[in-house]
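-13 is the number of the first residue of the sequence shown in my numbering; add one for each residue after it. All C-beta atoms, glycine included, are put in the ideal place defined by N, C-alpha and C. Report on the following structure.
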Amino acid sequence: MAVKIKKKYTVQRQDQLKALASTLRFDLFFELARLGGGTIRQVAERLEKSPASLYRHMTLLVECDLVRVEGTASEGPSKADVYVPIAHELLLPKSADHPDLMDGATAVLRAQCRNCEDEFISGYTSPKARFRGPQRNLYMVNCVSWLTKSELGDVNSLLNDIYAILNKAEPWRKNTEQIGVTLTVRPIEK
């Protein structure tokens, strides 16, 4: 079934931000977007969760219009709802456009930062962590720099290239290793 999914959607409602402030619902939404839609069982397998643990979270995403039910699919002897995300990519509102939504947007960002922290510590303590050499898989860089507009453009171009590589990677390819990536470029207020 060919389903129309928007490329980008800017979150514009408090209930949507509240739903996304849960890292599990955030991950559920984006895994569903990666699949282009699917059943709870399909998403649960990708997230390594039990389907039963995701039903309430999916219901909340449907209730706030970030996900819709788009028919059914056969799963063994029964039928299952097919869930489709509103878009492949969600954009958080900007303060200039929606000052009333900044508390909700901040809650989503805080949840994601906590999730990144937990994932980095898990990676750091993993026996699979490699800190040196050509197969290095653990990096942490935190710095302040002074860049010209041209240099900032170069950084953005490189980050877009990294994002493109990461976005097309799929778990079923041979000789791959799962990694987590967190990149932040931010203005500094003086």
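Closest by C-alpha distance to residue i, when choosing among the options
| i | options | result |
| --- | --- | --- |
| Trp132 | Lys(-10), Asp83, Met88 and Val171 | Val171 |
| Thr168 | Cys102, Ile174 and Arg159 | Cys102 |
| Val29 | Leu6, Val68 and Ala7 | Val68 |
| Asp10 | Leu40, Lys(-8) and Leu21 | Correcting the residue type first, residue 10 is Leu in the shown sequence and not Asp. Here the closest residue by C-alpha is Leu40. |
| Lys(-10) | Ile148, Asp1 and Leu21 | Leu21 |
| Met44 | Glu31, Pro63 and Pro71 | Pro71 |
| Ala19 | Lys160, Arg159, Thr162 and Lys154 | Lys154 |
| Met126 | Thr134, Ala115 and Ser136 | Ala115 |
| Gly24 | Gly57, Ser143 and Asp89 | Gly57 |
| Gln164 | Val(-3), Leu33 and Gln(-2) | Leu33 |
Sub-7 Å separation of residue i and residue j beta-carbons
| i | j | result |
| --- | --- | --- |
| Leu3 | Ala59 | no |
| Tyr(-5) | Ala93 | no |
| Leu47 | Val53 | yes |
| Glu105 | Gly166 | yes |
| Gly109 | Leu95 | no |
| Ala7 | Ala97 | yes |
| Cys50 | Asp13 | no |
Cβ-based burial, residue i [other Cβ within 10 Å; buried from 16]
| i | result |
| --- | --- |
| Glu17 | buried |
| Ile151 | exposed |
| Ile26 | buried |
| Gly62 | exposed |
Three-way DSSP call (helix, strand, coil) for residue i in this model
| i | result |
| --- | --- |
| Leu77 | strand |
| Val48 | helix |
| Glu175 | coil |
| Pro37 | helix |
| Arg118 | coil |
| Val53 | strand |
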